[in-house]
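Inspection log for the structure reproduced underneath, given as structure tokens.
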Amino acid sequence: MRKSDRTRAGILEAARAMFAEHGYEGTTVRAIAERASIDPSMIIRYFGGKDGLFSLASKVELGLPDINPTAPVPVGAMLVGHFLELWEGSGKDMGLVILLRAAATNEAAAERIRTIFREQVLPAAARFGDPATAETRAGLVVSQLFGLALCRYILAIPPVAEMSRADIVENLAPVVDLHLFGDGRGESVR
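Numbering (our numbering), first residue to last: 18 to 207.
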């Protein structure tokens, strides 16, 4: 790897950590540069500025599994487990947490979350239940999963922040299944 590639990767890693810890508004170019042990001008050189760096640092590819509605493993358990692996696994991707933290004060971050919803979540939800209710059901699933991320990783609310992954899956999966397959009144449409 060339030195410029290592520098760029180091800046991006520092930015991800800073944005995840402090959000968009609370993170400065100087703070990122200090954490990456580089001159702030390098951020302008490689990324065009804070916005360009934020855009790359918060890039999110959910990589939703191709789930068959009739799969033997409950779909809710698969989805909750997938998100926990995304956030906590060996390939730990905090891009979504970065966006969630920033979205409260930054319209561009909020719009990126809406785009992820439209482009990645909604098509997956449309495979389950009535297509006419897919957007509502997908929105409810996202409210559960993003609410989990907010409580576990940003606000660190006990006991959610301290629960085991297995306990989270056990408790949240039935709710996700209800939203994916239910009609909103608790009746299955499976």
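Note that the Cβ used here is the ideal one computed from N, Cα and C, for glycine as well.
Could you check which residue in the options has the C-alpha nearest to that of residue i?
i, options, result
"residue 47", "199, 29, 56", "56"
"residue 139", "158, 169, 165", "158"
"residue 119", "24, 38, 31, 25", "38"
"residue 54", "67, 26, 42", "26"
"residue 122", "173, 66, 42", "42"
"residue 106", "83, 182, 23, 66", "182"
"residue 104", "176, 175, 163", "163"
"residue 113", "18, 23, 40, 19", "40"
"residue 58", "149, 24, 91", "24"
"residue 125", "68, 83, 197", "68"
"residue 133", "52, 65, 156, 196", "156"
Where does residue i land, buried or exposed, given buried means 16+ other C-beta within 10 angstroms?
i, result
"residue 115", "buried"
"residue 75", "buried"
"residue 44", "buried"
"residue 205", "Unreliable positioning characterises residue 205 in this predicted model, as indicated by a pLDDT of 44, which lies under 50. The coordinate reading is nonetheless provided below. So residue 205 ends up on the exposed side."
"residue 184", "exposed"
"residue 35", "buried"
"residue 142", "buried"
"residue 194", "buried"
"residue 93", "buried"
"residue 32", "buried"
"residue 60", "buried"
"residue 49", "buried"
"residue 151", "buried"
"residue 169", "buried"
"residue 173", "exposed"
"residue 200", "With a pLDDT of 49 at residue 200, under the threshold of 50, the modelled position of this residue cannot be trusted, and the question is left open."
"residue 111", "buried"
Report the CB separation of residue i from residue j in whole angstroms; it is logged as a contact under 8 Å.
i, j, result
"residue 154", "residue 146", "6 Å"
"residue 117", "residue 178", "That belief does not hold up - the Cβ atoms of residue 117 and residue 178 are roughly 15 Å apart, past 8 Å."
"residue 81", "residue 137", "6 Å"
Secondary structure, alpha helix (DSSP H): runs of 4+ residues fully inside the segment 84 to 126: 92 to 105, 112 to 120
Given 8 Å, three or more beta-carbon pairs between the segment 66 to 82 and the segment 124 to 142: yes
Inter-stretch contact at 8 Å, needing at least 3 Cβ pairs: the segment 91 to 98 / the segment 187 to 198: yes
Every unbroken alpha helix (DSSP H) within the segment 127 to 193, with a cutoff of 4 residues, ordered by chain: 139 to 142, 151 to 166
Unbroken stretches of the alpha helix (DSSP H), 4 residues or longer, contained in the segment 44 to 79: 46 to 53, 58 to 64, 67 to 74
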